[in-house]
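J.: Let me begin by handing over the structure; questions about it come next.
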Amino acid sequence: MTEVTATPRPCASSPLIFVVEDDIGVAQLVVRMLESFQFQVRRFGDGGSVLHHIRAEHPALCVVDLGLPDMDGIELVRQIGQISSCGVLILTGRDHPVDRVMGLELGGDDYITKPFDPRELVARVRSILRRRQPQDPVPEARQRRYARFLDWSWDCAANTLRDPAGEEHVLGNAESRVLKAFLERPHQILTREQLLGQRDLSPMDRSIDVRISRIRRKLEPDPQNPKIIKTVYGAGYMFTAAVIWS
Numbered sequence: 001m002t003e004v005t006a007t008p009r010p011c012a013s014s015p016l017i018f019v020v021e022d023d024i025g026v027a028q029l030v031v032r033m034l035e036s037f038q039f040q041v042r043r044f045g046d047g048g049s050v051l052h053h054i055r056a057e058h059p060a061l062c063v064v065d066l067g068l069p070d071m072d073g074i075e076l077v078r079q080i081g082q083i084s085s086c087g088v089l090i091l092t093g094r095d096h097p098v099d100r101v102m103g104l105e106l107g108g109d110d111y112i113t114k115p116f117d118p119r120e121l122v123a124r125v126r127s128i129l130r131r132r133q134p135q136d137p138v139p140e141a142r143q144r145r146y147a148r149f150l151d152w153s154w155d156c157a158a159n160t161l162r163d164p165a166g167e168e169h170v171l172g173n174a175e176s177r178v179l180k181a182f183l184e185r186p187h188q189i190l191t192r193e194q195l196l197g198q199r200d201l202s203p204m205d206r207s208i209d210v211r212i213s214r215i216r217r218k219l220e221p222d223p224q225n226p227k228i229i230k231t232v233y234g235a236g237y238m239f240t241a242a243v244i245w246s
């Protein structure tokens, strides 16, 4: 494993960011920019090093290049989603739509192509961290964990969806946040910004559409003609089933 040496941490209470980039020049630029905004940063030159450290150090977010020497970055994004609840920002020279869709489907929160504006990267990092913060927290005793709708059940603490036949499906963190937003506000039109918990969302950002497509493939008998999660053209999406929480 080729771990690049750790950089000084500005503040022990600052979010920890893992930068996974084998190009030293790009890595140093990203690290300097993040540290100038008081983030803690660790740099890694390959995917194996990240997987080795991520469970012990619990980063808030990983910035991942797709062109790594030991594994494909898309596969690394998938594995990070399986073992960690951290955010993932893909930073890569690949600008093909297939890479973008795959990266977002497998757990990426956002996608930036090189060359990039370092200030935009910091803004995207901040945006991901903001929308991953719990909103309107309630005391533990009042928190609702289980939701039932139609013949499905959802355990929001375990990100587990149980279908009418009793089979369990574990959702990624990104899909889980969207499903929970729907279940908390059924029969309401929710905008893309509300579902992502982000203001001023770019019209070109299709990440919410990718996540809803994945949820539909699990819930809908015919995902091409959805009845549970309906598109309200020009407005957003609506979850049409009645929901019971416990």
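Numbering-wise, our numbering puts 203 at position 203 of the sequence shown, and it's gapless, one number per residue.
Each residue gets a CB set at the ideal place from its N, CA and C atoms; glycine is no exception.
In this text, all values refer to a predicted model and were calculated from it rather than measured experimentally.
If you draw a straight line from the C-alpha of D23 to the C-alpha of G45, how long is it?
T.: Position 23 of the sequence shown, counted from the start, is the residue given in the question as residue 23. Position 45 of the sequence shown, counted from the start, is the residue given in the question as residue 45. Each residue's alpha carbon lies about 8 Å from the other.
J.: By the DSSP assignment, the alpha helix (DSSP H) with D99 in it spans what residues?
T.: As a position in the sequence shown, residue 99 is number 99, starting the count at 1. 97-105 is the extent of the alpha helix (DSSP H) around D99.
J.: Sort V19, V30, F18 by Cα distance to P115 and report the nearest one.
T.: Taking the sequence shown and counting its residues from 1, one reaches residue 115 at position 115. Of V19, V30, F18, the residue nearest in Cα terms is V30.
J.: With a threshold of 16 other CB atoms inside 10 Å of the CB of P15, please say whether the residue is buried or exposed.
T.: Start at 1 with the first residue of the sequence shown, and residue 15 comes out as number 15. Its Cβ being crowded by 16 or more others within 10 Å, P15 is buried.
J.: Report buried or exposed for R142, applying the criterion of at least 16 other Cβ atoms within 10 angstroms of its Cβ.
T.: Numbered from 1 along the sequence shown, position 142 holds the residue referred to as residue 142. Caution is warranted here: a pLDDT of 45 is assigned to R142, below 50, making its placement in the model unreliable, and the coordinate value is therefore given only provisionally. R142 comes out exposed.
J.: Three-state secondary structure (DSSP) at C51?
T.: To locate residue 51, count along the sequence shown from 1; it is residue 51. Sequence inspection shows Leu at residue 51; the Cys mentioned does not correspond to that position. The answer is helix: DSSP assigns L51 an H, G or I state.
J.: Give the DSSP-derived three-state secondary structure of G67 in the structure shown.
T.: In the sequence shown, counting from the first residue as 1, residue 67 sits at position 67. If DSSP states are grouped into helix, strand and coil, G67 belongs with the strands.
J.: Going along the chain, which residues of its own chain have a beta-carbon closer than 7 Å to the beta-carbon of E57, five neighbours each way excluded?
T.: Within the sequence shown, residue 57 is the residue found at index 57, counting from 1. Taken in chain order, the residues that qualify are L16.
J.: Is the stretch 115-132 touching the stretch 215-227 in the sense that three or more CB pairs, one from each, lie closer than 8 Å?
T.: With the cut-off at 8 Å, the stretch 215-227 and the stretch 115-132 do not touch.
J.: Based on DSSP bridge pairs, tell me the residues matched to G234.
T.: On the sequence shown, position 234 is the one that residue 234 refers to. Bridge partners of G234: none, in fact.
J.: Report the CB separation of R211 from V232 in whole angstroms; it is logged as a contact under 8 Å.
T.: Within the sequence shown, numbered from 1, the residue matching residue 211 stands at position 211. Within the sequence shown, numbered from 1, the residue matching residue 232 stands at position 232. With a Cβ gap of about 17 Å, R211 and V232 do not count as contacting.
J.: Contact between the stretch 103-114 and the stretch 78-91 is defined here as three or more beta-carbon pairs at a separation below 8 Å; is this criterion met?
T.: With a cut-off of 8 Å, the stretch 78-91 and the stretch 103-114 count as touching, because enough Cβ pairs lie within range.
J.: Take I128 as the anchor and find which of P97, E193, L150, R43 has the nearest alpha-carbon.
T.: The residue labelled residue 128 in the question sits at position 128 within the sequence shown. Minimum Cα distance to I128 is reached at E193.
J.: Is V26 helix, strand or coil by DSSP?
T.: Counting from one through the sequence shown, the residue named residue 26 turns up at place 26. Residue state, collapsed to three classes: helix.
J.: What three-state label does DSSP hand D117 in the structure shown?
T.: Taking the sequence shown and counting its residues from 1, one reaches residue 117 at position 117. Note: D117 maps to coil in three-state DSSP.
J.: Indicate whether L76 and G47 have their beta-carbon atoms separated by less than 8 Å.
T.: In the sequence shown, counting from the first residue as 1, residue 76 sits at position 76. In the sequence shown, counting from the first residue as 1, residue 47 sits at position 47. Their beta carbons are under 8 Å apart, which means L76 touches G47 by this criterion.
J.: Are D65 and V20 touching if we call contact CB-CB under 8 Å?
T.: By 1-based counting over the sequence shown, the position of residue 65 is 65. By 1-based counting over the sequence shown, the position of residue 20 is 20. In this structure, V20 lies closer than 8 Å to D65 by Cβ.
J.: Whose CA, out of H187, R94, H169, A27, lies closest to the CA of C62?
T.: On the sequence shown, position 62 is the one that residue 62 refers to. Here the closest residue by C-alpha is A27.
J.: Could you spell out the range, first to last residue, of the alpha helix (DSSP H) harbouring L219?
T.: Locating residue 219 in the sequence shown gives position 219, counting from the first residue. Residues 207-219.
J.: Once DSSP output is grouped into helix, strand and coil, what is the label at F44?
T.: Position 44 of the sequence shown, counted from the start, is the residue given in the question as residue 44. If DSSP states are grouped into helix, strand and coil, F44 belongs with the strands.
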